[in-house]
Amino acid sequence: MQQYGLIPTTNGIETSGIKTAESIHWNLTPAELVEEAIKNNEGRITDTGALMCDTGKFTGRSPKDRFIVEDAKTKDTVWWGNVNIPFSEDQFDKLHQKMISFLEDKKLYVRDAYAGADKTYRLNLRVINTLAWQNLFCNNMFLRPEQYKLKEFDPNFTIICAPEFEADPEVDGTRQSNFAVINLTKRIILIGGTAYAGEMKKGIFSVLNYILPEERGVLSMHCSANIGKKHHDTAIFFGLSGTGKTTLSADPNRGLIGDDEHGWTEDNVFNFEGGCYAKVIDLTREKEPEIYDAIKFGAIVENTRFHDNTSTVDYANVSVTENTRTAYPINHISNAVVPSIGGIPKNIFFLTCDAFGVIPPVSKMTKGQAMYHFISGYTAKVAGTEAGITEPQTAFSACFGAPFLPLHPTKYAEMLGEKMEKYDVNVWLINTGWTGGPYGVGSRMKLKYTRAMITAALNGTLDNVGFRTHSIFGVQIPLTCPEVPSEVLSPRETWKNDQGYYKKANDLARQFVENFKKYSDFANDEIMGGEPVPNPKYD
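Position 536 (the sequence shown) corresponds to 898 in the working numbering; numbering is contiguous.
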């Protein structure tokens, strides 16, 4: 078995259960991995130097094919159900051995990395890939140890990812040929049958969402975070995919802590990752210069296509998927904070892309309202984003990240509520979606307005303006905001149709109420007091 690269002197490949392989390439540099990917015909170079790759059949995660091993550790702690599907210990062991046998004649790419910028809470990861570009993805997305630490790196969690390996559902206990199985006791993640690289990233996020709250007393969060360059005021942004979490945290006037996954300790907020995984649909330098300019050598673009007869990416091309993405190291962002750690947040933003045009573009919430909206995790899916969707649809995802929560959502919500109260944090609801009517009638909120609202909240300007109460959602809407027309602040005024607006607001409020029924037994009076109240006179 030939081995290349920065080979460890201790804790070799045998610690992962692998006895032999065709060859093993350890901790290759980005340049070496790009060269390997091109040689293996895994991708092509764009005119900015980024590597363009396809993920094959799967262009997104497959939530119904993600499992957690049920054993003595997880049996009474994991929130079992549609999100966390149990997998037996015996099935896991057999699948693990089957994968190891599959790898015996394969070229492997192995990377040692960290998850967690705070040394006290970090995981030491070992990622074993059959594809060079996926190993580059892990180099970009996880934290990169100093070279001298790699010689004696001691991994305490392992990912084995082999997209070419397909399971036999009848034999292996999976739902179909693709799978992602997390074993929290043996500290291994097995991924097969899918080349969507986000399965590795979100697998480790799921692991941290168990270990940190359950075992370390640290709140794990699906959020982005940034920090003021002068005042060192940390802000965190919660939001589902497509709500602007990555875009709004990449503010040229603030330092970027991270764009997706963080922990909140008694002392700080820290990034779990070492890079960003951003959507690139319709990307332009004018709209998102930080992200656009980060797509250079070492970065990856997934499932994109070139303009005809060029090597220039056509970001408007969705012929493969709407979920086109880029993965790049956080240091490709010029204002990235290193290490990726900030202080206790002063402001929290809940981002929603409300396609019904009902939610105000900016509003302030009480603690009860914030807890209610956190557990609800609302956004909307619009036509064209998923097969079969022709009208806007509500999407609720607990704690803005239900697919990655091994514990019950109330566990995370209670921890957030305690921190909000302890540190007297302002919580704002931001609608980056539609104004002047629903999708198909109104228009998307201008990014420059959203940025102005967030800036005003961060610098304290909104602390000194008048507010009025939304009659159905109960949130406080500022009467004025610098650089934003006053009429934009009121969704009802932008509609020019009071009856139509309130009817749509009632419809959305009732969907909130219906969704929350599954959590109401666990919610206290303060949280339930944050529930919207439909007004029947507008029905």
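In this text, a Cβ means the ideal position worked out from N, Cα and C, and glycines have one as well.
Starting from F464 and walking both ways along the alpha helix (DSSP H), at which residues does that stretch end?
451-464
Within the same chain, show all residues whose beta-carbon is closer than 7 Å to that of T391, passing over the 5 residues directly before and after it, in chain order.
none
Which class does H832 belong to by DSSP, given the choice of helix, strand or coil?
coil
Take the Cβ of A698 as the centre, count every other Cβ of all protein chains shown within 10 Å, and call the residue buried at 16 or more, exposed below.
buried
According to the Cβ coordinates, are A742 and D716 closer than 8 Å?
yes
Per DSSP, D676 forms a beta bridge with which residues?
R667
Where does the unbroken beta strand (DSSP E) through V324 begin, and where does it stop?
Any question about residue 324 goes unanswered here, given that the chain covers just 363 to 901.
Is N403 buried or exposed, if buried means 16 or more other CB atoms sit within 10 Å of its CB?
exposed
Residue burial classification, F454 (beta-carbon count within 10 angstroms, cutoff 16)
buried
Do Y900 and the ligand GTP come close, with the Cβ less than 7 Å from some heavy atom?
Because no ligand of any kind appears in the structure shown, any question about the ligand GTP cannot be addressed here.
First and last residue of the uninterrupted beta strand (DSSP E) at R488:
485-491
Distance between beta carbons of G554 and L581, contact taken as under 8 Å:
Not confirmed; about 32 Å, so no contact.
Please state the DSSP three-state secondary structure of S702.
coil
Near M890, what residues of its chain come up, given a Cβ to Cβ distance below 7 Å and the 5 sequence neighbours on each side ignored?
S882
Excluding the five sequence neighbours on either side, which residues of its own chain have a C-beta within less than 6 Å of the C-beta of R406, listed in chain order?
M414
Would you identify the three-state DSSP class for H694, choosing helix, strand or coil?
helix
Quick one: what's R687 bridged to in DSSP?
K641, E664
Considering only C-alpha positions, which residue in the set Y690, L824, H735 is nearest to L498?
Y690
Since L469 contacts S385 with CB under 8 Å, what's their CB separation in whole angstroms?
Correcting the residue identity first, residue 469 is Lys in this sequence and not Leu. Their Cβ separation, rounded to whole angstroms, is 5 Å, which keeps K469 and S385 in contact under 8 Å.
Find the nearest neighbour of K426 within the set T417, G443, D438, judged by alpha-carbon distance.
G443
How about F829 and P847: are their beta carbons less than 8 Å apart?
no
With respect to the alpha helix (DSSP H) encompassing S568, which residues constitute its N-terminal and C-terminal limits?
560-573
For R423, is the classification buried or exposed, using 16 other Cβ atoms within 10 angstroms of its Cβ as the cut-off for buried?
buried
8 Å Cβ shell around M562 - same chain, five flanking residues per side excluded
V489, Q496, F499, C500, M503, I521, C523, I551, I553
Can you tell me the Cα-Cα spacing of L465 and N679, whole angstroms?
35 Å
Measure the C-alpha to C-alpha separation of P701 and D480 and round it to an integer number of angstroms.
8 Å
What do you reckon, are the CB atoms on N630 and S611 nearer than 8 Å?
no
Span separating the alpha-carbon of R667 from that of D676:
6 Å
Rank T812, A412, M782 by C-alpha distance to the C-alpha of T794 and give the top, closest one.
T812
Close beta carbons around H832, own chain, < 7 Å, minus the five adjacent residues each side:
P722, S725, I839
Determine whether the beta carbon atoms of L926 and E635 lie at a separation below 8 Å.
Nothing in the structure corresponds to residue 926, since the chain is present only between 363 and 901.
Environment of G836 [buried if 16+ CB atoms lie within 10 Å]:
buried
Contact set for L824: own chain, Cβ-Cβ below 6 Å, skip 5 residues either direction:
A818, P840
Please go through the same chain and pick out, in chain order, the residues whose beta-carbon is closer than 8 Å to the beta-carbon of E397, but skip the five residues on each side of it.
none
Excluding the 5 residues preceding and the 5 following A656 in the sequence, name in chain order all residues of the same chain whose CB lies nearer than 6 Å to its CB.
Y690, H694, I695
Run the CB neighbour count on Y366, radius 10 Å, all protein chains shown included, and call it buried at 16 or more, exposed below.
exposed
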